[in-house]
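Undergrad:
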Amino acid sequence: MTAARRHVRSIDEVGRERIIKLLALTGHMHEINQRPVPKVPALRGRVVCNLFLEDSTRTRLSFDTAAKRLGADTVAFTGSGSSLSKGESLRDTVETLAAMRLDAIVVRHRSAGAPWQIAQWCEAAIVNAGDGRHAHPTQALLDAYTIGRRTGRGADLSGLRVAIVGDIVNSRVARSTTAIASMLGAEVTHVGPSTLLDPRLDVQRCTDLDQIIGDVDVLYMLRMQNERMDAAPVPPGGEYTRRFGLTPERAANIRTDALLMHPGPINHGTEMTVDPSTMPQSAITDQVSYGVAVRMAVLFDLLGTGEMEEES
Amino acid sequence: MTDAGCGAVVDDIVITGGTLVDQSGSRRGDVRIRDGRIVEVAESLTVGDERVIDAAGLLVTPGFVDLHTHLREPGMPEAETIESGSRAAALGGYTAVVAMPNTDPTQDSVEVVEWVAARGRAAGWCDVYPSGSITIGRAGRELTPIADLAAVGVRLFTDDGSGVQDDAVMRRALEYAGDLDVRLAQHCEVATLTRGAVMHEGHCCSTLGLPGWPALAEELMVHRDIELVRLTGSSVHLLHLSTARSVELVREAKADGLAVTAEATPHHISLTDERLRGFDAVFKVNPPLRTMADIEAVRDGLIDGTIDAIATDHAPHPRHHKERPLEEAPPGMLGLETALGVARASLECSWEHLVGALSWRPAAIAGVADRHGRPFIAGEPANICVIDPDLQWRVDPAALASRSTNTPFIDIDLTGRVRHTVHDGRVVVADGSAVTR
Ligand SMILES: [Zn+2]
Ligand SMILES: [Zn+2]
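These protein sequence lines map, in sequence, to chains A and B.
Read in order, the letters of the first sequence are residues 1 to 312 in the working numbering.
Read in order, the letters of the second sequence are residues 313 to 749 in the working numbering.
1) Please check if any C-beta of chain B sits within less than 9 Å of the C-beta of A:Gln117.
2) Does any residue of chain B bring its CB to less than 9 Å from the CB of A:Ala88?
3) How about B:Arg749: is its C-beta nearer than 9 Å to some C-beta of chain A?
4) Give the straight-line distance between the Cα atoms of B:Ala657 and A:Asn128, rounded to the nearest whole angstrom.
5) Please classify B:Leu371: does DSSP put it in a helix, a strand, or coil?
6) For a test of the three-state rule: what should DSSP assign to B:Glu608, helix, strand or coil?
7) Which value, in whole angstroms, describes the spacing of the CA atoms of A:His109 and A:Ile212?
8) Name, please, each residue of chain B whose Cβ falls closer than 9 Å to the Cβ of A:Arg16.
9) Which same chain residues, not among the five before or five after A:Val294, have their C-beta less than 7 Å away from its C-beta?
10) Looking at C-alpha atoms only, which residue of A:Val191, A:Ile180, A:Ala186 is the closest neighbour of A:Ile19?
11) Under three-state DSSP, which class holds B:Glu575?
12) At a threshold of 8 Å, does A:Asp92 count as lining ligand 1 (C-beta to nearest heavy atom)?
13) Cβ of A:Val47 within 9 Å of Cβ of A:Asp64?
14) Which residues in chain B have a C-beta closer than 8 Å to the C-beta of A:Ala114? List them in chain order.
15) Should B:Thr415 and B:Gly449 be called a contact, given that it needs their Cβ atoms to be closer than 9 Å?
16) Identify each residue in the segment 192 to 219 of chain A for which the Cβ-Cβ distance to at least one residue of chain B is less than 8 Å, and report them in chain order.
17) Contact between the segment 381 to 400 of chain B and the segment 341 to 359 of chain B is defined here as three or more beta-carbon pairs at a separation below 8 Å; is this criterion met?
18) Can you find a C-beta in chain B that's less than 9 Å from the C-beta of A:Gly132?
19) Do the segment 496 to 511 of chain B and the segment 520 to 528 of chain B touch if we need at least three Cβ pairs shorter than 8 Å?
20) Going by DSSP in three states, B:Ile394 sits in which element: helix, strand or coil?
21) Leaving out the 5 sequence neighbours to the left and right, which residues in its chain are closer than 6 Å to B:Val734 when beta-carbon positions are compared?
22) Closest to B:Asp620 by CA distance: which of B:Ala669, B:Ala655, B:His684, B:Gly647 is it?
23) Is the Cβ of A:His7 closer than 9 Å to any Cβ of chain B?
24) Sorted by chain position, which residues of the same chain lie with C-beta nearer than 8 Å to A:Arg101's C-beta, five sequence neighbours on each side aside?
25) Within the 9 Å Cβ cut-off, does A:Ala232 reach chain B?
26) Can you tell me whether B:Ala627 sits near ligand 2, meaning its C-beta is under 8 Å from at least one heavy atom of the ligand?
27) How should A:Asn253 be labelled, buried or exposed, when 16 other C-beta atoms within 10 angstroms of its C-beta is the threshold for buried?
28) Please determine, among B:Met482, B:Ala711, B:Ala556, B:Leu543, the residue with the shortest C-alpha to C-alpha distance to B:Ile581.
29) Answer yes or no: do B:Gly329 and B:Ala367 have a C-beta to C-beta separation smaller than 9 Å?
30) Restricting to runs no shorter than 4 residues, where is the alpha helix (DSSP H) found entirely within the segment 239 to 278 of chain A?
31) Which residues in chain A sit within 8 Å of B:Leu520, going by Cβ to Cβ distance?
32) Could you round the C-beta distance between A:Pro233 and A:Leu196 to whole angstroms and report it? I think they count as a contact, below 8 Å.
33) Give the single residue among A:Leu246, A:Asp208, A:Asp198 whose Cα lies nearest to the Cα of A:Thr221.
34) Give, in chain order, every residue of the segment 607 to 634 of chain B whose Cβ lies closer than 9 Å to some Cβ of chain A.
35) Taking any Cβ of chain B, which residues in the segment 168 to 187 of chain A have a Cβ under 9 Å from it, in chain order?
36) I'd like the list of long-range same chain contacts for A:Glu95, defined as Cβ closer than 8 Å, with 5 residues on each side in sequence excluded.
Okay, structure coming up:
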């Protein structure tokens, strides 16, 4: 094999041209998912491994469903990263799995870069299902698809004002969704207290949500961890919610044609005190519903040959 | 061959045709060695039946002294042993290394440091000088028996691996050590600022989403220790400086006449944080690789003498510890066998200055200047290194003597390599290979 092996590990690595192709493919997969029997044999005989070393049942099931709808066989390896530290290296684990002749490994790991390390130790195509605080490209793809579909813009998000609110510095979703939105032409602003922003990322920053909430086309709320920690980035006792939470008062200021998004699961009472299901702007259920289609598109792009075959 | 004092076989040697490099500069000269000592130095010596080292076109220098070597024994022999580490040192031109105390058990008692020293003598590749920890178990609380350890020859004390966090403990340690003929060395890192940190806090770390290691964590402790030296009148050696501001702080301290010395590693004058882009844990090190501006400041510091010495911070780790996600992998990289070539490529200075930073300046800091880093004068101990300044070679991890392979210079082409090392009058490295007794 001389052709460079392909992966989906970060938005920048995939690049604009392939991102646009993946978004189009997602639309096609979404149509398949609307059928009474949402199944095509496009990846029959292929083996996809879900290697989830950080807990995430939702994302794992989404990938598992995606692979099965395309006819692939799936194997799962789950566990916490620390279970490997008892003498077994990540490389040992990957080499054991690689003996099963896997075509793709979908990896989630709590440490940034694990998908790059794994790619060096096996021949499979690697899909990053979230690595530490670094990247979550399939989340970014489904976010971009949701925005494009709800606004009717498709893959052209030029001029859209996107505000991402919350714990930017610790968020792989923020990094990847910022990357894809910027790549497709949107103007992204990160919103939060300075302790949660990263001054070295190349985007606009704002520390006052109320200043911009009435102007944005997309309001993207991040999940805010509210556990106590040393050197916590925000004071305890609800001040974060008062400054940056989506309260009923703030919700009233969102434009009627704007979109409200969240990667889930929502930490009710922290980043939101409103029920988004009551808001016409909410695109949160769309995000969830496109998750499988996006992952089908990614797996087909990596492992499929030629055009989609239809079920006979 | 003659028999030296303690039973070790030494050689009668003449090193001919080389250029001698020492404190008094560079000059043509032959060196005759007998019974472990230099017995004659002249522009041209007659050769009898001694062993001849042909140094035509080569540089003959005092053996190097590494202020900062992790030999990993006792405690982690799968990473390195005193034998393999000191052999790597000899191959790198070192005739003395200071063994860092973060072993298991810690080098905090007479028993452990004597064990390390004895293993070093038994290996015979170079002088292994164990450091002692400043605090018991490197826990940062109670002082080790510094006077007892000094009495068995320990001259450098450090909690390396971590810094002494408590200001009052460090103050007491400096006061106590000030009464004795020893020096404290600090790993400058304020631990509360580097919790979970993986790489330099900068642009690269932001895009990779890796927890950042701010330059400030080092600079705060550099500043604190300089002020504690000002207060106590004691002396301190600052290990592995890596940031531009640290260099500036040391420059100011020296201008104020304070007894502060410092070292920098080959990797901190050659590699930037961009190396982490491939997520290879071989490039994870403490302190982390920094930016080009920091590299240039550290180079300038070495060239103008603000930083006294090049020290390797040779830190072996077994393969399966480095083949882990970055947040789990231990920090550290190999350095002994590549130090000369990397330093040569990174610093624009004379050979006298470079060899000084590798040899007689660290010898003085380590308190071993009576045996190492000596000039080429009859009567001096024969700890000598012969360098081919033009030899080109490619770093092959598998070919290194170290038990571990975590060199960040894999497949890098270097110019300049040690050809021969004479330790205590014995040829321990000949033509680039270790000589087994
Ligand atoms: Zn250190
Ligand atoms: Zn060290």
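Backbone N, C-alpha and C define an ideal beta-carbon position, used for all residues, glycine too.
These numbers were taken from a predicted model, which means no experiment stands behind them.
TA: The answer reads as follows:
1) Yes, because at least one Cβ of chain B sits closer than 9 Å to the Cβ of A:Gln117.
2) Reading off the sequence shown, one finds Glu at residue 88 of chain A, where the question assumed Ala. Answer yes: the Cβ-Cβ gap between A:Glu88 and chain B drops below 9 Å somewhere.
3) no
4) 38 Å
5) strand
6) helix
7) 34 Å
8) The premise fails here: A:Arg16 is roughly 17 Å from chain B at the closest Cβ pair, so nothing lies under 9 Å.
9) Thr26, Thr138, Leu141, Leu142, Tyr145
10) Minimum Cα distance to A:Ile19 is reached at A:Ile180.
11) The answer is strand: DSSP assigns B:Glu575 an E or B state.
12) no
13) no
14) Phe591, Pro637
15) no
16) Asp198, Arg200, Leu201
17) no
18) Output row for A:Gly132: interface = yes.
19) yes
20) helix
21) Ala694, Ile696
22) Of the listed residues, the one whose Cα sits closest to B:Asp620 is B:Ala669.
23) no
24) Val47
25) no
26) Checking every heavy atom of ligand 2 against the Cβ of B:Ala627, one is found closer than 8 Å.
27) Here A:Asn253 is exposed: its Cβ has fewer than 16 other Cβ atoms, across all protein chains shown, within 10 Å.
28) B:Ala556
29) yes
30) With a minimum length of 4 residues, the continuous alpha helix (DSSP H) runs that stay inside the segment 239 to 278 of chain A are 239 to 244, 248 to 251.
31) Ala112, Gly113, His134
32) Distance from A:Pro233 to A:Leu196 at the Cβ level is roughly 5 Å; contact confirmed, criterion being Cβ atoms closer than 8 Å.
33) The sequence given here places Met at residue 221 of chain A; Thr does not occur at that position. Considering only alpha carbons, the answer is A:Leu246.
34) Within the segment 607 to 634 of chain B, the qualifying residues are Arg631, His632, His633, Lys634.
35) Taking 9 Å as the Cβ-Cβ cut-off against chain B, the residues of the segment 168 to 187 of chain A that qualify are Val169, Asn170, Ser171, Arg172, Arg175.
36) Trp121, Cys122
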